[in-house]
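> Pasting a structure here, questions to come.
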Amino acid sequence: MSLFYFICIGVVLCLPVRASDPLELKLQTVVKCREVQKKASLFSLQVEISGLIPGLVSTFMLLSSSDNHGRKLPMVLSSLGSLGTNLWLCAMSYFDLPLQLLVASTFIGALFGNYTTFWGACFAYIVDQEKEYKHRIIRIAVLDFMLGVVTGLTGLSSGYFIRELGFAWSYFIIAVVVLVNLAYILFFLSDPIKESSSQIVTMSCSESLKDLFYRTYMLFKNGSCKRRSLLCLLIFTLVVYFFVVFGITPVFTLYELGPPLCWNEVYIGYGSALGSLSFLSSFLGIWLFSYCLKDIHIAYVGIFTTMVGMMLTAFTRTTLMMFLVRISFFFTIMPLSILRSMLSKVVHSTEQGVLFACIAFLETLGGVTSTSAYNGIYSATVAWYPGFVFLLSAGLLVLPAVSLCMVKCIGWEEGSYTLLIHDEPSEHTSDS
């Protein structure tokens, strides 16, 4: 969605400027483009904040309850929210309604959950299905890879769709795809949690809420001090890395729209598609590196290559260099897949829904705050140095690298953490 309305605002506002002198024309064009970047950045901030509170509440409740009621419920509700949002955007484009109504659509759609709700349910579903840890890593990487394929195809074709069909038909096509996905989830996807749902005692709404918070509390209370330390450090590493990677993504579009690059919608689509290759390369990297490197070292590779890419982007001034810099981001997704797998290994199978609820909650909060923070920083610094935000990102990536060092010092050993959760069921049962 961000790509669509960034391009929309850019195309509408970046109109030719009349001037008698070529130098004056160039200066006015630069000022106009930077004005566009600032307006688009601030408008994106308003839209993201509008969905923060309902997104946080719905994400936590839906994923936490999925341990009892199955993984399909959050998948279905978040898909319904996405379907309604895209139909509303289609109507907005067709009837030429004000862009400010995007705020209302974001708020209503977040009540049904958002993308973190859907992906959190998918990751928990994979953990339910796959008990072998190495296979679980590959399947989580495959899921991230499939996300990248769809994102890449969308990025590659979005500029042509907008140019040839307009925004209304583009959003309508998205709504149709979401509807097909929703039908598959409802009628063809099996749910391994469904069988045990009949054994659950019926509780009131207040009791259900208390149970959700209690099980979240028990997630961090159960186990040894070493287990709790590893759990907190891994969650911190995942959230901080997600904060940087997610927050910088829309800034790439703004950076490419502005001078000296001044890309049009087709170049933006090419850049987005090339960036999405990181999902494929990250999947191949995990598959190959898993034969010779430990999980924590694979995560290090992704963090450090992303850090190098951020620093290179800050000094990029030509279209060719911008395309080449994307190569350094080819392993960006690897730490996300590896860290999710490591976290799923630390907790018991009956706590996977609560774990991914916490992760999705923090990712929703981190996603909105990172987008807001990055857009605010970029709008404040674009006039004097547009690349500052990329240097800041490279500095922030030191935090997850240091956190992983602490995990290593505490004692993360491959294949040993099934032992940490053997005592969890009895402790959890006695407490509940």
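Just so you know, the sequence shown maps onto residues -19 to -1, 1 to 413 in mature numbering (1 follows the signal peptide of the UniProt record, and there is no 0).
The beta carbon of each residue, even a glycine, is placed where N, CA and C say it ideally should be.
It should be emphasised that the depicted structure is a prediction, and the values quoted were computed from it without experimental measurement.
Just curious, the alpha helix (DSSP H) that His50 is in, first and last residue?
Run containing His50: 33 to 50, per the alpha helix (DSSP H) assignment.
> For Lys115, which residues of its own chain have a beta-carbon under 8 Å away from its beta-carbon, when the five flanking residues on both sides are left out?
So the qualifying residues of the chain are Ser271.
> Could you check the C-alpha separation between Ser390 and Met323 for me, to the nearest Å?
At residue 390 the sequence reads Cys, which differs from the Ser that was named. Using only the alpha carbons, I get a separation of about 16 Å.
> Specify the secondary structure class of Leu273 as computed by DSSP and reduced to three states.
Reading off the sequence shown, one finds Cys at residue 273, where the question assumed Leu. Cys273 falls in the coil class under three-state DSSP.
> For Leu44 versus Pro55, is the C-beta distance shorter than 8 Å?
Result yes, Cβ atoms of Leu44 and Pro55 sit closer than 8 Å.
> So is Arg298 buried or exposed if we call it buried at 16+ other beta carbons inside 10 Å?
That one is exposed.
> For Leu190, which residues from the same chain have a beta carbon less than 6 Å from its beta carbon, with the 5 sequence-adjacent residues on both sides left out?
If we look at Leu190 and ignore the five residues flanking it on each side, it has no Cβ neighbours.
> Closest to Met288 by C-alpha separation, out of Phe312, Phe99, Leu146, would be which residue?
For the residues Phe312, Phe99, Leu146, the minimum Cα distance to Met288 belongs to Phe312.
> Exposed or buried, what is Met303 when buried is set at 16 or more other beta-carbons lying within 10 Å of its beta-carbon?
Classification of Met303: buried, given that the 10 Å Cβ count is 16 or more.
> Would you call the CB atoms of Thr87 and Val123 closer than 8 Å?
In this structure, Val123 does not lie closer than 8 Å to Thr87 by Cβ.
> My parser needs the alpha helix (DSSP H) runs of 4 or more residues fully inside the region 243 to 297; what are they?
As far as the region 243 to 297 is concerned, its whole alpha helix (DSSP H) runs of at least 4 residues are 246 to 270, 276 to 295.
> Could you tell me whether the region 99 to 110 touches the region 227 to 238, using the rule of 3 or more Cβ pairs below 8 Å?
The region 99 to 110 is not in contact with the region 227 to 238.
> Run through DSSP, which three-state label would Tyr366 get?
In the structure shown, Tyr366 sits in coil (DSSP, three-state: anything other than H, G, I, E or B).
> Let me make sure I understand the geometry here. Which of Leu167, Asn67, Phe194 has the alpha-carbon closest to that of Ser151?
Taking only the C-alpha atoms, the option nearest Ser151 is Asn67.
> Any idea if Glu145 is buried or exposed, counting beta-carbon neighbours within 10 angstroms, 16 or more meaning buried?
Exposed: under 16 other Cβ atoms inside 10 Å.
> Around the C-beta of Leu79, are 16 or more other C-beta atoms found within 10 angstroms, so that it is buried, or is it exposed?
The residue asked about is misnamed: residue 79 is Pro in this sequence, not Leu. With fewer than 16 other Cβ atoms within 10 Å, it is exposed.
> Could you tell me the distance, in whole angstroms, from the CA atom of Gly140 to the CA atom of Gly357?
Taking the straight line joining both Cα atoms gives about 26 Å.
> So, with DSSP's three-state summary, where would you put Gly147?
It is helical.
> Could you check which residue in Lys202, Leu235, Phe224 has the C-alpha nearest to that of Ala364?
If we check each option's Cα against that of Ala364, Leu235 comes out closest.
> Straight-line CA distance for Ile118 to Gly239?
Each residue's alpha carbon lies about 39 Å from the other.
> Check whether the Cβ of Phe264 sits closer than 7 Å to any heavy atom of the ligand NAP, and report yes or no.
Absence of the ligand NAP from the depicted structure is noted, as is the absence of any ligand whatsoever, leaving it without description.
> Helix, strand or coil, according to DSSP, for Phe233 in the structure here?
The answer is helix: DSSP assigns Phe233 an H, G or I state.
> In chain order, what residues of the same chain have a beta carbon less than 7 Å from the beta carbon of Met387, not counting five sequence neighbours either side?
If we look at Met387 and ignore the five residues flanking it on each side, its Cβ neighbours are Leu214.
> Could you have a look at His329 and say whether DSSP puts it in helix, strand or coil?
In the structure shown, His329 sits in coil (DSSP, three-state: anything other than H, G, I, E or B).
> Where does Phe168 sit, in a helix, a strand or coil, going by DSSP?
Looking at Phe168 - three-state DSSP - the assignment turns out to be helix.
> Flag this pair as yes or no: are the beta carbons of Thr40 and Thr345 separated by less than 8 Å?
A contact, by the Cβ cut-off of 8 Å.
> So, at 6 Å on beta carbons, what are the nonlocal neighbours of Asp404 in its own chain, with the 5 sequence-adjacent residues on each side left out?
The pLDDT assigned to Asp404 is 44, lower than 50, so where the model puts this residue is not dependable; a value taken from the coordinates is nonetheless given after this. For Asp404, where only same-chain residues beyond five positions count, there are no Cβ hits under 6 Å.
> Have a look at Thr294 and Leu372 and give me their C-alpha separation to the nearest angstrom.
Between Thr294 and Leu372, the C-alpha separation is close to 8 Å.
> Taking only three categories from DSSP, how would you classify Leu78?
DSSP places Leu78 in coil when its eight states are reduced to three.
> Assign Pro241 to buried or exposed, taking buried as 16 or more other Cβ atoms, counted over all protein chains shown, within 10 Å of its Cβ.
With fewer than 16 other Cβ atoms within 10 Å, it is exposed.
> Is the beta carbon of Thr132 less than 8 Å from the beta carbon of Phe260?
For Thr132 and Phe260, yes; Cβs fall inside 8 Å.
> If I follow the unbroken alpha helix (DSSP H) through Thr97, where does it start and stop?
Residues 96 to 110.
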